[in-house]
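Read in order, the letters of the sequence shown correspond to residues -31 to -1, 1 to 446 in mature numbering (1 follows the signal peptide of the UniProt record, and there is no 0). Using N, Cα and C, we set each Cβ at its ideal position, and we do this for glycine too. Computed from a predicted model, the values in this text were never measured in an experiment. Below is one structure, written out as structure tokens, with a few remarks after it.
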Amino acid sequence: MRYLQRTGRRSLPGRPARLATAAILAATALAACGGGAGDDSGGAAAAGGPTAPATVPELTDDPLTLSFIWFEWPPAQALEDFANAEYSKERPNVTIEVNTVPNANWHDAMFTQFAARQTDFDIPILDSQHIGEAVTNGNILDITDFVNENIEVDAYDPYLLAAYGQYPQAETGQRDEDASLYGLPLLGDTWTMIYRKDLIGDEPPKTWDEMIDAAQKCQDENPGVSGLAFHQANGSDAAAVTYNTVNGVYGGNLWNAEDKTVEGVINDEAGQKAMDVLVNEMKPLTAKGSGNWFIDEVNAAVAQGKACIAFQWIAAAGGLVDPAQSTLGKTEDEILDKLGFATLPTQDADVVPLGGMGMHISAYAPSERQAEALNFMKWFEQEDIQKKWAAAGGVPARTDALESPEFLEAGPFNQVYADSVSRMRDMWNVPEYARLIDIENTNVNAALNGAKDPEQALDDIASEQQRVLDSAGGGGL
């Protein structure tokens, strides 16, 4: 079995600053001449982007590097290794390169280049909520015709096709066949609850309240072990996803998507209950100094035996069963005698966070690399390739691959993902997403670290996000 693990790769920590300068210069030039590379349709491209052909154009036989951009985490290396091992069997002249930046710089690393209408990547890997911004600005290809001609759309849960590619979305979780598609699933993901079977028992807690009680009891009985470990950082979407998850579990909503109302929705009674539980019941069970923890810190706490219960993205959990990275056992089996992986508990509602990302095609990539990107997508979404991706440690989106032994037997947390798909809830799929998530991250992190009253933090989220949406107007979900 292979799990997604970090093995060291190229990262581009300084890229956003360099690209910012390039973006300013290029954007100035574009303003003067009224267009940009890849913009063959004047102003129309800015509203929706160019359309990909329905069939894969003729491919070059010359050596070609197909470049992705993602953030630095285990699946990035896994994708590069897998694609170079398998896609090369079909296209031996092609090298796949997955360049990475720190998670906190991921959005800006892509959209700074998009603003310049010049990209050194061909396939941007976007979070579901990035799609609206990219589409509105004409940054990615409309691949609707290509998908209809080449992809078995019925092989996917409609929610996953919608989340990773559709814009606009009429309602989160629904596929609108009249809407356009701008991407295809690359990696599915959600949270798993990781629990110490040797400390709290073989059966995981079933409700959120029971989970908190179990964590408290475990912490009381095991000095030096914290009851909980979860994401709290003010960066990427860390603290916001944590609050949004608790909000959903206690029956809350982030907004009314139909009329774009946030005030009175996220901070209603259920929303306030969720914030109270997060700050006053869950936070006291975390380790001292954990107020800016994210993926790596949570994994370290689990691997070092310092947490009774933790919450982590499945795609980032592979190293937890690696004896080289864990103090819980000398073999995988010894580790799994102590660690359990379960779907999230329910409470007043039955929801889990949607994670994962889709792959898209830069509107500014050269035509030969856009053609190669289309061919790669067609290849990657085939049933046999999706099963190989699953066996290699990926989280596929095709239903037949999700239900296959190749996936379900490849990791102790994979059944969790398969069981969670029907429970997923996303955030706001609007062009203003980056501003909305920054507001929520900042305020939730402040509440978790005692810098702001929890109720005030939630009210501030509601009022600030409402101002953003009111000033923007426009559509999407």
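- Within its own chain, the residues whose Cβ lies closer than 8 Å to the Cβ of Thr300, once the five positions on either side in sequence are excluded, are Pro292, listed in chain order.
- Inclusion of Cys277 and Leu417 in the CB contact set at 8 Å is not warranted, their separation being larger than that value.
- By the Cβ rule, the segment 185 to 198 counts as touching the segment 252 to 270, because three or more pairs are nearer than 8 Å.
- The beta carbon of Glu179 sits closer than 8 Å to the beta carbons of Pro314 from its chain, once the five residues preceding and following it are set aside; these are given in chain order.
- Residue pairing for Asn418: DSSP places it in no beta bridge.
- Assigned with DSSP and collapsed to three states, Ser57 falls in helix.
- Per DSSP, the beta-bridge partners of Gly157 are Gly325.
- In this chain, the alpha helix (DSSP H) harbouring Trp177 covers Trp177 to Glu190.
- Leaving aside the five residues that flank Phe199 on each side, the residues in its chain whose CB is nearer than 6 Å to its CB run, in chain order, Thr211 and Phe280.
- In the structure shown, Asp96 falls within a strand segment according to DSSP collapsed to helix, strand and coil.
- Of the candidates Asp89, Asn119, Pro43 and Phe80, the residue whose Cα lies closest to the Cα of Thr105 is Phe80.
- Each residue's CA atom was taken as its position, placing Asp206 and Asp407 some 8 Å apart.
- In this structure the segment 111 to 119 does not lie against the segment 301 to 313, because fewer than three pairs of beta carbons, one per stretch, are closer than 8 Å.
- Annotation: Glu350 is outside any alpha helix (DSSP H) and is labelled neither H nor E by DSSP.
- When DSSP states are grouped into helix, strand and coil, Asp91 belongs to the coil group.
- Secondary structure within the segment 254 to 332: the alpha helix (DSSP H) runs of 4 or more consecutive residues, fully enclosed, are 264 to 272 and 301 to 307 (chain order).
- Fewer than three Cβ pairs drawn from the segment 146 to 155 and the segment 316 to 323 lie within less than 8 Å of each other, which leaves the two stretches out of contact.
- Excluding five sequence positions before and after Arg394, the CB atoms of its chain that fall closer than 6 Å to its own CB belong to Gly217 and Val320, given in chain order.
- Between Val215 and Ala239, the C-beta spacing is not below 8 Å.
- Per DSSP, Phe199 lies in no beta strand (DSSP E) segment and is marked neither H nor E.
- Between Gly170 and Ala366, the gap from beta carbon to beta carbon reaches 8 Å or more.
- For Phe382, there is no enclosing alpha helix (DSSP H), since its DSSP letter is neither H nor E.
- Around the Cβ of Glu350, a 10 Å sphere holds 16 or more other Cβ atoms; the residue is buried.
- Residue Trp39 holds the alpha-carbon nearest to the alpha-carbon of Met328 among Ala84, Trp39, Thr29 and Ala21.
- Rounded to whole angstroms, the Cβ separation of Asn203 and Asn72 is 12 Å, and the two are not in contact under 8 Å.
- If you draw a straight line from the Cα of Thr24 to the Cα of Phe83, it comes to about 25 Å.
- Contact check for Tyr133 against Ile283 fails: the beta carbons are separated by 8 Å or more.
- DSSP places Thr81 in the uninterrupted alpha helix (DSSP H) bounded by Trp75 to Ala85.
- Counting every other CB atom within 10 Å of its CB across the protein chains shown gives Gln201 a total of 16 or more, marking it as buried.
- Between Trp348 and Tyr125, the beta carbon gap of about 16 Å keeps them out of contact (Cβ cut-off 8 Å).
- With distances taken between CA atoms, Glu102 lies nearest to Val399 out of Ser432, Val271, Ile264 and Val399.
- In the displayed model, Leu33 falls within a strand according to three-state DSSP.
- Residue state for Met396 is assigned as coil, using DSSP reduced to three classes.
- Annotation: Thr161 to Asn414 spans about 21 Å, alpha carbon to alpha carbon.
- For the 8 Å CB-CB criterion, Ala420 and Asp91 do not form a contact.
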